[in-house]
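**Student:** All letters in the sequence shown, in the order written, are residues 0 to 195 by numbering that gives the first Met the number 0.
Once you've had a glance at the structure underneath, I'll fire off some questions.
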Amino acid sequence: MKLHARRYLLPLLCLALGGCGLFGFGRSDEPQPELYDAVTAEPLPGDVRCFLCGDLYLAANLTPDNLDVLERRGVVTLIDLRPADVIEPLLIRALQLGLRPVSLPVDQELPTDAQVDRVLAEIALERDGLLLLTCQTGSRSAIFFAIYRSVVDAVPVEIALEQARSAGMKPGAPEKLVRDQVERLGGVGAQASSTN
């Protein structure tokens, strides 16, 4: 009798555990946002929106005074997407603090393939600290952030878009641009996003 019970015990146990989501049974194929770095608000003095995710800070309407705080938090590289003449004081302050400032102006319109490639290449450079990506409103920074997260960090595009929206990316055309760029660059979720 004991032998007979053992024969059925293992299959029943596997079935029960499978129903709980173990062994891959009963689980959803939906991306799990909790598996990826979260986007957290990181307050800065003044009217400055700032977010942190992994080793990337995103900020809008950044001032030279804000750089002091960010440098103390570990930022070593600043990429500013605004026109160089607008950000000259910020670049000067970055140099004074020993940061590596990079000016990569991107028009208020959606970025081109070449601009996406250039900004992603800068973000991907080796560094010994955090990177700060900034623009005027936060939407352009969040666009590049979403593309980078999906293409380089292997975050599914829908999760990257959700994170970018929480960090200030505008809905509509920027979301389509992110999906198109992720597909062009072969990021995670590109095939699924091309059907949406």
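Quick reminder that beta carbons are idealized off the backbone N, C-alpha and C, glycines included.
(1) Could you tell me the boundaries of the beta strand (DSSP E) in which residue 202 lies?
(2) Between residue 101 and residue 133, is the Cβ-Cβ spacing less than 8 angstroms?
(3) Under the rule that 16 or more other beta-carbon atoms within 10 Å means buried, what is residue 79, buried or exposed?
(4) Less than 8 angstroms separating the beta-carbons of residue 117 and residue 103?
(5) Is residue 75 helix, strand or coil when you go by DSSP?
(6) Is there contact here, the stretch 154 to 170 with the stretch 82 to 95, by at least three beta-carbon pairs under 8 angstroms?
(7) Ends of the beta strand (DSSP E) at residue 131?
(8) Since I believe residue 42 is in contact with residue 49 (beta carbons under 8 angstroms), could you give me their beta-carbon distance rounded to a whole number of angstroms?
(9) If we call anything under 8 angstroms between Cβ atoms a contact, is residue 55 one with residue 130?
(10) Leaving out five residues on either side along the sequence, give the residues of the same chain with a beta carbon under 6 angstroms from the beta carbon of residue 145.
(11) Checking the sheet assignment: what are the DSSP bridge partners for residue 100?
(12) Can you list, in chain order, the residues of its chain with a C-beta nearer than 7 angstroms to that of residue 114? Leave out the 5 residues immediately preceding and following it.
(13) With 16 as the cutoff for other CB atoms within 10 Å, does residue 123 come out buried or exposed?
(14) Which partner residues does residue 39 have in the DSSP bridge list?
(15) Given a cut-off of 8 angstroms on the beta-carbon distance, is the pair residue 187 and residue 153 in contact?
(16) With DSSP collapsed to three states, give me the class of residue 25.
(17) Is the CB-CB distance between residue 60 and residue 47 below 8 angstroms?
**Tutor:** Once the coordinates are examined:
(1) The chain is shown only over 0 to 195; residue 202 falls outside these bounds and no answer can be derived.
(2) The answer is no: Cβ separation not under 8 angstroms.
(3) Counting Cβ neighbours within 10 Å, residue 79 comes out buried, since at least 16 surround it.
(4) Yes, Cβ-Cβ distance for residue 117 and residue 103 is below 8 angstroms.
(5) Strand, per DSSP.
(6) Under the Cβ criterion (8 angstroms, minimum of three pairs), the stretch 154 to 170 does not count as touching the stretch 82 to 95.
(7) Per DSSP, residue 131 is one residue of the beta strand (DSSP E) stretching across 129 to 134.
(8) Yes, residue 49 and residue 42 are in contact; Cβ-Cβ is about 7 angstroms, under 8 angstroms.
(9) In contact: residue 55 and residue 130 (Cβ atoms closer than 8 angstroms).
(10) Cβ within range, chain order: 159, 160, 163, 177.
(11) Residue 100 is bridged to 77.
(12) Cβ-Cβ distances below 7 angstroms link residue 114 to 105 in the same chain, with the five nearest sequence neighbours on each side left out; the list follows chain order.
(13) Taking all protein chains in view, the Cβ of residue 123 is surrounded by fewer than 16 other Cβ atoms within 10 Å, so the residue is classified as exposed.
(14) Looking at the DSSP assignment, residue 39 forms a beta bridge with 51.
(15) Cβ atoms of residue 187 and residue 153: closer than 8 angstroms.
(16) Annotation note: pLDDT 37 at residue 25 (below 50); position unreliable, no value reported.
(17) Yes; because the gap between Cβ atoms is below 8 angstroms, this pair is in contact.
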